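1 is the number of the first residue of the sequence shown in this note's numbering; add one for each residue after it. We put the beta carbon where it would ideally sit given N, CA and C, even for glycine. These numbers come from a predicted model, not from an experiment.
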Amino acid sequence: MKRLLTLAALSLLITACSPRNTSTMTLAERLQNPLFAERYSKMLVGRLTELEIDKDPLLEDPKMQELVTSTKTKWMEVDREARRIQREGMKGEFVGIKEYALGEVLLLEHMLYFASDFETDPGPGLSIFLSDAIDPREVDGFPRTEEINLGPLQSPYGQQRYTIPETVDTTVFRTVILWDTELQRLYGFAQISK
């Protein structure tokens with residue numbers, strides 16, 4: 001009985017501390033990712049602008065016209081703020097090495113964000129590492145003790161975020177690495193900079 005209670009408590013703790021599955025994230029949670037916020041706001045403003053360009057009959061109603069105008073104004077500000085926040089961090093684009101990998105990444109203080117365009121091939125032990133190395137192909141014995149393992153990749157597709165422990169000095173990192181810990185294989189990496 002005691003063992004069962006211990007396992008139940010451990011399971012609850014692991015669930016509570018695990019990153020939330022991105023497929024169940026609300027829009028408000030997704031908008032905390034500045035890369036997602038920029039893309040979403042640009043797409044929404046673009047769609048509303050198309051209504052105006054097409055002279056959509058919907059806009060003949062003054063209330064609808066006001067809604068479109070105020071919504072565009074709000075989301076243009078969200079876009080500006082998302083881009084401002086991104087300038088505070090370090091950004092890069094994934095490049096596939098041994099496997100397919102692409103998409104934008106942002107290191108902002110103690111959070112690592114992947115853009116919604118992120119994609120890579122699945123792997124049995126695909127994990128995210130931060131490194132001070134410019135090019136991980138030139139590192140002997142990767143992963144070294146200098147690299148920080150942020151854990152398993154949440155998904156091979158789409159936006160996601162990873163928390164970096166507060167005790168870690170994130171200013172030293174130059175690369176985000178996709179490494180399969182089981183295959184000992186470099187999938188790809190993104191060099192990050194201001």
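For this session: Verify whether the separation of the beta carbon atoms of L35 and Y113 is less than 8 Å.
Result: Taking the first residue of the sequence shown as 1, we reach residue 35 at position 35. Taking the first residue of the sequence shown as 1, we reach residue 113 at position 113. A contact, by the Cβ cut-off of 8 Å.
Exercise. Are K91 and I192 touching if we call contact CB-CB under 8 Å?
Worked result: Residue mapping note: residue 91 aligns to position 91 of the sequence shown, counting from 1. Residue mapping note: residue 192 aligns to position 192 of the sequence shown, counting from 1. Yes.
For this session: May I ask you to report which of helix, strand or coil DSSP gives S70?
Result: Reading the sequence shown from its first residue, position 70 is the one you call residue 70. Helix at S70.
Problem set entry | Cβ contact check for the segment 37 to 57 and the segment 73 to 80: 3 or more pairs under 8 Å | Short answer: they touch.
For this session: Kindly indicate which residue of D169, A37 and L27 has the alpha-carbon position closest to the one of E81.
Result: The sequence position of residue 81 within the sequence shown is 81, counting from 1. Looking at the Cα atoms, A37 is the closest of the given residues.
Exercise. According to DSSP, is T167 helix, strand or coil?
Worked result: By one-based count along the sequence shown, residue 167 stands at place 167. If DSSP states are grouped into helix, strand and coil, T167 belongs with coil.
Problem set entry | Whether I85 touches L108 by CB criterion (8 Å) | The count along the sequence shown starts at 1 and reaches residue 85 at position 85. The count along the sequence shown starts at 1 and reaches residue 108 at position 108. Yes, they are a contact pair.
Exercise. L102 and L130: beta carbons closer than 8 Å?
Worked result: Working through the sequence shown from its first residue, we reach residue 102 at position 102. Working through the sequence shown from its first residue, we reach residue 130 at position 130. The answer is no: Cβ separation not under 8 Å.
Exercise. Going by Cα to Cα distance, which pick from L106, L67, D54 and K98 is closest to L183?
Worked result: Locating residue 183 in the sequence shown gives position 183, counting from the first residue. It is K98 whose Cα lies nearest to the Cα of L183.
For this session: Leaving out five residues on either side along the sequence, give the residues of the same chain with a beta carbon under 6 Å from the beta carbon of I134.
Result: Taking the first residue of the sequence shown as position 1, residue 134 is located at position 134. These residues qualify, in order along the chain: R174.
Exercise. Going by beta carbon distance, what residues of the same chain come within less than 6 Å of P124, once the five residues before and after it are set aside?
Worked result: On the sequence shown, position 124 is the one that residue 124 refers to. Result list for P124: E182, in chain order.
Problem set entry | Distance, Q159 Cα to L27 Cα | Against the sequence shown, residue 27 aligns to sequence position 27. Against the sequence shown, residue 159 aligns to sequence position 159. If you draw a straight line from the Cα of L27 to the Cα of Q159, it comes to about 12 Å.
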